[in-house]
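Worksheet for the structure shown next.
In mature numbering (1 follows the signal peptide of the UniProt record, and there is no 0), the protein residues as written are -16 to -1, 1 to 129.
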């Protein structure tokens, strides 16, 4: 039966990478946070001082634990977001050494990259291809000095 009630709905845009990282951290830290809460609530003994802490402070401790555990690295965040949105290239899934061994028909901007090649056909990299690949990877794999 229809209702005449007016409802207010909130919609918040969430980054899938951060949501996934926080959910994984929450699941991983669930035993730790439960232990912390139980010790805070029912701690008994001479050297158990956690039950004297305010509840807000225990909540801050839990927040710091989750924040530290859910902090993905920049590379993971970049790669996960690109893969999630479908914008990734094969270049983003390999190390520098693996990329230099890739067949040249996988390189972006190559004329024969759109053409279907048999899986056992390997086109050797020319020096120009290697130079183009190194320039293409310069932003993703900065050199460590």
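We put the beta carbon where it would ideally sit given N, CA and C, even for glycine.
Residue burial annotation: residue 5 is buried, with at least 16 other C-beta atoms found within 10 angstroms of its C-beta. Per DSSP, the unbroken alpha helix (DSSP H) holding residue 15 starts and ends at -1 to 26.
A distance of 7 Å or more separates the beta carbons of residue 34 and residue 9. Residue 82 and residue -8 have their C-alpha atoms roughly 49 Å apart.
Taken through DSSP and simplified to helix, strand or coil, residue 33 comes out as coil.
When rounded, the separation of the alpha-carbon atoms in residue 40 and residue 52 is 18 Å. C-alpha of residue -6 to C-alpha of residue 21: approximately 31 Å in a straight line. Sequence-distant Cβ neighbours of residue 27 in its own chain, meaning closer than 7 Å and more than five residues away, are 34, 35. Linking residue 1 to residue 55 through their CA atoms gives a straight-line distance of about 10 Å. In this structure, DSSP gives residue 115 a helical state, which the three-state scheme calls helix.
Taken atom to atom, the span from the alpha-carbon of residue 45 to that of residue 79 is near 37 Å. Take the alpha-carbon of residue -2 and the one of residue 29: they are about 44 Å apart.
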